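Down below is the structure, laid out as structure tokens.
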Amino acid sequence: MAVKFLEDVGAKLINATRKEMVDAIFAASGRVVIGETVTFKQSMIDGVSNIELLKSWGCDMVTINHYNVNFPMIPGMESTQAGIEQFGSCFNEAGSKGCKPSTKVIENSFQKIFWQFGFGATIGDVKRLVGVPVGMTLEPVTEEDDYPQGRVANEENARRGAEQGASYITLIHTPQMSAGEFAKSVAQVRSGMGEMGLVKAGKMPWGGCSFLVNADEFVTEAEIKELAAAGADAIVLPTPGTVPGLTIELVRQWVTVVHNCGLLAETTIGTSQEGADPDVIRRFAIDSKMTGADLFQIGDSVYGGCCTPENVMSFARAIKGQRHTLRRAALSPLR
């Protein structure tokens, strides 16, 4: 039975195969909204994860940025015993296991908040709670870089991410890496992900800078085709207005190339502009729709590694209307 992105929830949606997800997104006719959060920041509201909040505001998918397959954590969820032991050992030169301290040393109310960082909780754990696809990012850096090994975009980390529940993996091209090197990272992640989920790859403004070129050269047709050959399912593109000089017409040209390659096109806001006022957010949404894209992501940079509920819901309503926004918010994963 075909997956219907705007109507399904629970096991049917979170267990969808790579092909089922691609077909369902195409069939949604440009009405799939993606939220984003950061895994090392305390959740916006205690006792609930940002992933659950984003779903409740109308997001159909959620991306967890900075998720580490060697040290999984989901703030807003209870830490596991294994996660507590691992967390303690990371900060202990002797390498001994961590533990919960006595309440005679650290009061219980403090511990309750601290252990809500969800040490040891995985994407699969939270995905079952929300009933929508949840993905992660990996960084296209080399193994020699001073970077956590569980965050590097390679075949092993992609496989482990999928095993921990990731429905998709996103890679963002940074200015330090050539197009060819980036495509190789995408190919490795594709190999590790197999048919267990999607691979999304492309460009956004990064680290406070662009790629120091004219807007019409920010993305090239050759780069898109190279990522298609590497096995990407979706090409990530900046939303019109988030890069100086980036117009609807330019992004529309790139989306056309993406679709001609048989891939999904995703526009993203990741420049802290997700924290603008709701009128600006609605304009971003409609401008993105006019490019012909299939997926629309709103970034994580406002409070506590998450956007505001007002802006996420304004974004979702502009993309797919009140009916589908409230349906997604209300649907129980038990259905």
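Sequential numbering of the sequence shown, starting at 1, is according to the UniProt record's numbering. All C-beta atoms, glycine included, are put in the ideal place defined by N, C-alpha and C. Because the structure is a prediction, the values reported are computed rather than measured.
Contact under 9 Å by Cβ, residue 74 with residue 22: If you number the sequence shown from 1, residue 74 lands on position 74. If you number the sequence shown from 1, residue 22 lands on position 22. Cβ atoms of residue 74 and residue 22: not closer than 9 Å.
Kindly list the residues whose CB is nearer than 7 Å to the CB of residue 334, restricted to its own chain and excluding five residues on each side of it in sequence; keep chain order. Locating residue 334 in the sequence shown gives position 334, where the first residue counts as 1. For residue 334, where only same-chain residues beyond five positions count, the Cβ hits under 7 Å are 10.
Residues sharing a beta bridge with residue 65, DSSP: For the purposes of this step, residue 65 is identified with residue 65 of the sequence shown, where counting begins at 1. Residue 65 pairs with 38.
With residue 198 as the anchor, note down where its beta strand (DSSP E) starts and where it stops. Taking the sequence shown and counting its residues from 1, the one referred to as residue 198 is at position 198. Its beta strand (DSSP E) spans residues 198-203.
Separation of residue 326 from residue 86, as counted between CA atoms: Against the sequence shown, residue 86 aligns to sequence position 86. Against the sequence shown, residue 326 aligns to sequence position 326. Distance between the alpha carbons of residue 86 and residue 326: 39 Å.
In three-state terms, what does DSSP make of residue 297? For the purposes of this step, residue 297 is identified with residue 297 of the sequence shown, where counting begins at 1. Correct three-state label for residue 297: strand.
For residue 286 and residue 92, I'd like the C-alpha separation in whole angstroms. Within the sequence shown, numbered from 1, the residue matching residue 286 stands at position 286. Within the sequence shown, numbered from 1, the residue matching residue 92 stands at position 92. Roughly 50 Å between the two C-alpha positions.
For residue 120 and residue 178, believed in contact at Cβ under 8 Å, the rounded distance: Taking the sequence shown and counting its residues from 1, one reaches residue 178 at position 178. Taking the sequence shown and counting its residues from 1, one reaches residue 120 at position 120. Wrong, their Cβ atoms sit about 37 Å apart, outside the cutoff.
Tell me which same chain residues have a C-beta within less than 8 Å of the C-beta of residue 205, skipping the five on either side of it? Along the sequence shown, one-based indexing puts residue 205 at 205. Hits under 8 Å: 238, 242, 243, 270, 271.
Taking residue 320 and residue 33 to be in contact with their CB atoms under 8 Å, please state how far apart those CB atoms are, rounded to whole angstroms. Within the sequence shown, the letter at position 320 stands for residue 320. Within the sequence shown, the letter at position 33 stands for residue 33. Yes, they are in contact, since the Cβ atoms of residue 320 and residue 33 sit about 7 Å apart, within 8 Å.
From residue 315 to residue 268, what does the alpha carbon distance come to, in whole angstroms? In the sequence shown, residue 315 corresponds to position 315, counting from 1. In the sequence shown, residue 268 corresponds to position 268, counting from 1. Going by the C-alpha atoms only, they are around 12 Å apart.
Segments assigned beta strand (DSSP E), at least 3 residues, entirely inside the region 91-163: 134-137
So, helix, strand or coil for residue 235, using DSSP? The residue you call residue 235 lines up with position 235 of the sequence shown. The answer is strand: DSSP assigns residue 235 an E or B state.
Please report how far the alpha carbon of residue 165 lies from the alpha carbon of residue 63, in whole angstroms. Translated into the one-based positions of the sequence shown, residue 165 becomes position 165. Translated into the one-based positions of the sequence shown, residue 63 becomes position 63. Going by the C-alpha atoms only, they are around 12 Å apart.
What does the Cβ neighbour count give for residue 305, buried or exposed, with the cut at 16 atoms within 10 Å? Translated into positions along the sequence shown, residue 305 becomes position 305. Buried, because 16 or more other Cβ atoms sit within 10 Å of the Cβ of residue 305.
Please return the same chain residues whose Cβ sits closer than 7 Å to the Cβ of residue 226, not counting the five positions on each side in sequence. Here residue 226 is taken as the residue at index 226 of the sequence shown, counted from 1. Excluding positions up to five away in sequence, the list reads 179, 183.
Could you check what DSSP says for residue 224 in three-state terms: helix, strand or coil? As a working note, residue 224 is residue 224 in the sequence shown. Residue 224: helix per DSSP, three-state reduction.
Check whether the region 255-267 and the region 217-237 are in contact - that is, three or more C-beta pairs closer than 8 Å. yes
My output table needs one value for residue 32: the three-state DSSP class, helix, strand or coil. In the sequence shown, counting from the first residue as 1, residue 32 sits at position 32. Residue 32: strand per DSSP, three-state reduction.
Look at the Cβ atom of residue 293, then the Cβ atom of residue 133, and state whether they are nearer than 9 Å. Counted from its first residue, the sequence shown places residue 293 at position 293. Counted from its first residue, the sequence shown places residue 133 at position 133. No, the pair does not count as a contact, with Cβ atoms beyond the cut-off.
Going by DSSP, name the residue or residues bridged to residue 172. Position 172 of the sequence shown holds residue 172. The partner list for residue 172 (beta bridge, DSSP) reads 202.
At 3 residues or longer, and completely inside the region 298-324: list those beta strand (DSSP E) runs for me, N to C. none
Are at least three pairs of beta-carbons, each pair with one atom in the region 135-154 and one in the region 168-177, less than 8 Å apart? yes
Considering only residues of the same chain and omitting the five flanking positions on each side of residue 302, which have a CB-CB separation below 7 Å? As a working mapping, residue 302 is identified with position 302 in the sequence shown. The answer, listed in chain order, is 274, 275, 308.
Sorted by chain position, which residues of the same chain lie with C-beta nearer than 7 Å to residue 41's C-beta, five sequence neighbours on each side aside? Stepping through the sequence shown from its first residue, residue 41 is reached at position 41. The residues are 75, 304, 305.
If residue 98 and residue 84 are in contact, beta carbons under 8 Å, what's the gap, nearest whole angstrom? Taking the first residue of the sequence shown as 1, we reach residue 98 at position 98. Taking the first residue of the sequence shown as 1, we reach residue 84 at position 84. Indeed, because the Cβ distance is near 5 Å, the residues count as touching under 8 Å.
Roughly how many angstroms separate the alpha carbons of residue 246 and residue 216, rounded to a whole number? Mapped onto the sequence shown, residue 246 falls at position 246. Mapped onto the sequence shown, residue 216 falls at position 216. Approximately 7 Å, taken between the alpha carbons.
Return yes when the Cβ of residue 163 is within less than 9 Å of the Cβ of residue 151, no when it is not. Position 151 of the sequence shown holds residue 151. Position 163 of the sequence shown holds residue 163. Cβ atoms of residue 151 and residue 163: not closer than 9 Å.
Excluding five sequence neighbours on each side, which residues of the same chain lie with their C-beta closer than 7 Å to the C-beta of residue 48? As a working note, residue 48 is residue 48 in the sequence shown. Excluding sequence neighbours, residue 48 sits near 76.
In terms of residues, what are the limits of the alpha helix (DSSP H) holding residue 264? Taking the sequence shown and counting its residues from 1, the one referred to as residue 264 is at position 264. Segment 264-269 is the beta strand (DSSP E) holding residue 264; no alpha helix (DSSP H) there.
Going along the chain, which residues of its own chain have a beta-carbon closer than 7 Å to the beta-carbon of residue 56, five neighbours each way excluded? Here the question's residue 56 lines up with position 56 in the sequence shown. Cβ within range, chain order: 329.
Going by other Cβ atoms of all chains shown within 10 Å of its Cβ, with 16 needed for buried, is residue 110 buried or exposed? Position 110 of the sequence shown holds residue 110. Classification of residue 110: exposed, given that the 10 Å Cβ count is below 16.
Terminal residues of the continuous alpha helix (DSSP H) containing residue 20? Residue mapping note: residue 20 aligns to position 20 of the sequence shown, counting from 1. Note, residue 20: alpha helix (DSSP H), 18-27.
Can you tell me the Cα-Cα spacing of residue 317 and residue 13, whole angstroms? Position 317 of the sequence shown, counted from the first residue, corresponds to residue 317. Position 13 of the sequence shown, counted from the first residue, corresponds to residue 13. Their backbone Cα atoms lie some 21 Å apart in a straight line.
Residue 190 burial status per 10 Å Cβ neighbour count (16 or more: buried): One-based indexing of the sequence shown puts residue 190 at position 190. When all chains shown are included, residue 190 counts as buried.
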